[in-house]
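**Student:**
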Amino acid sequence: ISSDAWRSILPGTWFFDAGLTTTAMTESAITYLDGDGGVLRYRGYPIEQLAEESTYLEVAYLLLKGELPNKVQYDAWVNDITHHTFIHENVRKRFLEGFHYDAHPMGMLVSAVAALSTFYSDAKDIHNPEVREKQIVRLIAKMPTLAAAAHRFSVGMPFVYPDNELPFPANFLSMMWKVAEPHYKANPVLVRAIDVLFILHADHEQNCSTTAMRTAGSAHADPYSSAAAACAALYGPRHGGANEAVVRMLTEIGSIDNVDAFVESVKAGKTRLQGFGHRVYKNYDPRARIIKKVAYDVFEVTGKNPLLDIALKLEETALSDDYFISRKLYPNVDFYSGLIYQAMGFPIDMFPVLFAIPRISGWLSHWSELLDQDAKIVRPRQLYTGAPERNYVTIEQR
Ligand code: ACO
25 ISSDAWRSIL PGTWFFDAGL TTTAMTESAI TYLDGDGGVL RYRGYPIEQL
75 AEESTYLEVA YLLLKGELPN KVQYDAWVND ITHHTFIHEN VRKRFLEGFH
125 YDAHPMGMLV SAVAALSTFY SDAKDIHNPE VREKQIVRLI AKMPTLAAAA
175 HRFSVGMPFV YPDNELPFPA NFLSMMWKVA EPHYKANPVL VRAIDVLFIL
225 HADHEQNCST TAMRTAGSAH ADPYSSAAAA CAALYGPRHG GANEAVVRML
275 TEIGSIDNVD AFVESVKAGK TRLQGFGHRV YKNYDPRARI IKKVAYDVFE
325 VTGKNPLLDI ALKLEETALS DDYFISRKLY PNVDFYSGLI YQAMGFPIDM
375 FPVLFAIPRI SGWLSHWSEL LDQDAKIVRP RQLYTGAPER NYVTIEQR
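Counting from 25, one number per residue, gives the positions in the sequence shown under UniProt numbering.
1) Closest to Thr326 by C-alpha separation, out of Leu363, Arg118 and Ala127, would be which residue?
2) Who are the Cβ neighbours of Ala194 in its own chain at under 6 angstroms, not counting the five residues just before and after it?
3) Tell me whether His302, by its Cβ, gets closer than 7 angstroms to a heavy atom of ligand 1.
4) Drop a sphere of 10 angstroms on the beta-carbon of Tyr305, count the other beta-carbons inside from all chains shown, and report buried for 16 or more, exposed for fewer.
5) With respect to 7 angstroms, is the separation between the Cβ of Ala335 and the closest non-hydrogen atom of ligand 2 below this value?
6) Pick helix, strand or coil for Pro168, following the three-state DSSP scheme.
7) Flag this pair as yes or no: are the beta carbons of Leu389 and Leu87 separated by less than 8 angstroms?
8) Given that a residue counts as buried once 16 or more other Cβ atoms are within 10 Å of its Cβ, and exposed if not, what is Lys316?
9) Would you say the stretch 78–94 touches the stretch 136–151, given that touching needs at least three Cβ pairs under 8 angstroms?
10) Kindly indicate which residue of Glu413, Asp373, Gly410 and Thr235 has the alpha-carbon position closest to the one of Arg176.
11) Answer with buried or exposed for Glu393, where buried requires no fewer than 16 other C-beta atoms within 10 angstroms of its C-beta.
12) Starting from Arg383 and walking both ways along the alpha helix (DSSP H), at which residues does that stretch end?
13) Cα separation between Val161 and Ile105?
14) Using 7 angstroms as the cut-off, classify the Cβ of Asn307 as near or not near the heavy atoms of ligand 1, replying yes or no.
15) Between Gln421 and Glu413, what straight-line distance do the alpha-carbon atoms span, to the nearest angstrom?
16) Using only the heavy atoms of ligand 1, determine whether one of them is closer than 7 angstroms to the beta carbon of Asn356.
17) Which same chain residues end up closer than 6 angstroms to Val377 when comparing Cβ atoms and leaving out the 5 residues on each side of it in sequence?
18) Using the DSSP secondary-structure output, state which residues sit across from Glu63 in a beta bridge.
19) Looking only at its chain, what residues have a beta carbon closer than 6 angstroms to the beta carbon of Met167, apart from the 5 residues adjacent to it on each side?
20) Say whether the stretch 295–313 touches the stretch 57–76, bearing in mind that this needs 3 or more beta-carbon pairs closer than 8 angstroms, one atom from each stretch.
21) Closer than 7 angstroms: is that where the CB of residue 425 sits relative to any heavy atom of ligand 1?
22) Could you please give me the residues that DSSP links to Phe300 through a beta bridge?
23) To the nearest angstrom, how far is it from the Cα of Ala251 to the Cα of Leu120?
24) So, helix, strand or coil for Tyr80, using DSSP?
25) Quick one: using the 10 Å Cβ neighbour count with 16 as the cut-off for buried, is Gly180 buried or exposed?
26) First and last residue of the alpha helix (DSSP H) that includes Tyr320?
27) Under a Cβ-count criterion, where at least 16 other Cβ atoms within 10 Å of its own Cβ denotes burial, should Val417 be classed as buried or exposed?
28) With a CB to CB cut of under 7 angstroms and the five nearest residues on each side skipped, what residues in its chain are close to Ala138?
29) Compute every distance between the C-beta of Gly386 and the non-hydrogen atoms of ligand 1, then say whether any falls below 7 angstroms.
30) According to DSSP, simplified to helix, strand and coil, what is Pro70?
31) Closer than 7 angstroms: is that where the CB of Arg383 sits relative to any heavy atom of ligand 1?
32) Please classify Asp99 as buried or exposed, where buried requires at least 16 other C-beta atoms within 10 Å of its C-beta.
33) Just to check, is the beta-carbon of Ala312 closer than 7 angstroms to a non-hydrogen atom of ligand 1?
34) Please report the straight-line C-alpha distance between Val184 and Ser198, rounded to a whole angstrom.
So this is what it looks like as structure tokens:
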């Protein structure tokens with residue numbers, strides 16, 4: 025039913041929906057999510073097929089343009105992204121290197137993405153399709169470079185320039201680790217694992233950060249500023265920080281012998297089982313199933329993360345316990361992703377950054393869609409609960 029139709033049925037009526045849990049904020053043709061069935065599709069394609077067959081850059085094209093590219097389109101797209109991976113020297117030398125020596129890489133990323141708008145004078149020309157496409161390409165291409173630069177600064181290592189002979193995910197791994205290992209050549213299994221993780225994190229319909237992107241975008245803010253708003257939302261531990269919480273929880277549990285006692289403390293309401301439960305999925309998160317398989321591939325190369333056995337025992341215990349079954353609590357995307365990132369050598373601070381790198385393509389797809397929709401500015405109402413009208417009292421009389 026259209027908003028105009030609602031207005032004629034319920035003139036002047038508002039709905040109170042804290043957290044917008046039952047409000048569709050927009051129409052969207054990008055991602056389909058069925059939380060009860062555990063289904064996720066990008067532009068109609070099941071996530072399982074994309075994770076098996078596709079690449080992150082192909083998925084980014086699909087999300088943005090609505091269709092899979094043919095060979096010519098794909099090659100042109102990859103070429104375009106590959107030739108925009110460099111960041112302006114001032115972004116690195118003046119801006120990123122100006123941060124405090126122990127700056128959090130996600131804090132640096134939020135700021136650097138916002139700062140990019142000042143480097144591209146055409147950024148505000150959002151109604152020109154060619155200029156819009158250029159900003160989209162720039163942002164997708166520069167995210168791994170900014171991410172790796174932020175990491176290296178935060179651990180005191182020199183910046184590594186992009187190597188545009190390498191495919192997108194291998195280039196990112198090279199910028200992350202190259203000088204630490206001078207003859208570094210990324211293992212193909214790890215390159216593919218990162219690409220699959222990027223595919224799985226590319227979009228997830230109207231989550232908190234995408235809503236932030238749509239909200240800033242609805243005011244016609246430029247794409248860099250809108251993406252910085254989205255990055256800021258993702259920085260929140262309730263959104264981009266759950267896989268970090270999983271690793272900390274597993275570390276605290278420490279041994280499979282402690283799993284039963286931990287589960288009892290969860291059931292007693294003392295703590296939550298991190299990486300379990302989801303606002304939308306009331307079934308196994310399809311991404312978690314794929315990630316679990318990726319984890320085994322990665323551990324073949326890196327050696328098993330010692331926390332894996334605790335995670336497996338926790339999952340087995342929870343999935344056969346009535347507390348979790350009755351509340352429809354299943355592993356979500358974060359349950360295994362942190363274990364993979366940790367095994368690959370990423371510090372915990374980088375986990376939300378690793379989420380932001382591919383999610384930029386989802387954010388930009390929604391940004392582009394809302395401009396095509398000529399969407400209204402997001403401006404919800406509230407239920408006022410403050411003081412009634414009262415008269416001003418001078419400071420001497422208070
Ligand atoms: N462990 C134990 N109990 C839980 C958990 C959990 N992880 N999640 C929900 N519950 C219980 C609640 O205590 C509540 O029980 P009650 O009915 O007896 O009070 C019931 O399940 C419903 O929980 P809500 O908090 O109402 O569910 P909501 O949909 O609001 O929360 C959320 C979803 C925030 C993801 C929650 O499941 C959670 O905190 N999970 C752990 C953190 C996590 O993994 N977050 C990542 C989400 S995925 C992402 O952002 C990419």
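Quick reminder that beta carbons are idealized off the backbone N, C-alpha and C, glycines included.
It should be emphasised that the depicted structure is a prediction, and the values quoted were computed from it without experimental measurement.
**Tutor:** To lay it out plainly:
1) Leu363
2) Ala210 and Val215
3) Yes, the Cβ of His302 comes within 7 angstroms of a heavy atom of ligand 1.
4) buried
5) Absence of ligand 2 from the depicted structure is noted, with ligand 1 being the only ligands included.
6) helix
7) Per the sequence shown, the amino acid found at residue 389 is Ser instead of Leu. It is a contact, given that the beta carbons lie within the stated cut-off.
8) buried
9) no
10) Asp373
11) Glu393 is buried by the Cβ-count criterion.
12) Phe375 to Asp396
13) 6 angstroms
14) It does not: the Cβ of Asn307 is nowhere closer than 7 angstroms to a heavy atom of ligand 1.
15) Rounded to the nearest angstrom, the two C-alpha atoms are 18 angstroms apart.
16) yes
17) Non-local C-beta neighbours of Val377 in its own chain, meaning closer than 6 angstroms and more than five positions away in sequence, comprise Pro129, Met130, Leu133 and Ala171, ordered along the chain.
18) Looking at the sequence shown, residue 63 is not Glu but Val. Asp58.
19) Ile381 and Ile384
20) yes
21) Absent from the model: residue 425. The displayed extent of the chain is 25 to 422, so no value can be given.
22) Pro355
23) 18 angstroms
24) helix
25) exposed
26) Boundaries of the alpha helix (DSSP H) around Tyr320: Pro310 to Thr326.
27) Its Cβ having fewer than 16 others within 10 Å, Val417 is exposed.
28) These residues qualify, in order along the chain: Tyr248, Ser249 and Ala252.
29) no
30) In the structure shown, Pro70 sits in a strand (DSSP, three-state: E or B).
31) no
32) When all chains shown are included, Asp99 counts as exposed.
33) Every heavy atom of ligand 1 is 7 angstroms or more from the Cβ of Ala312, so no.
34) 8 angstroms
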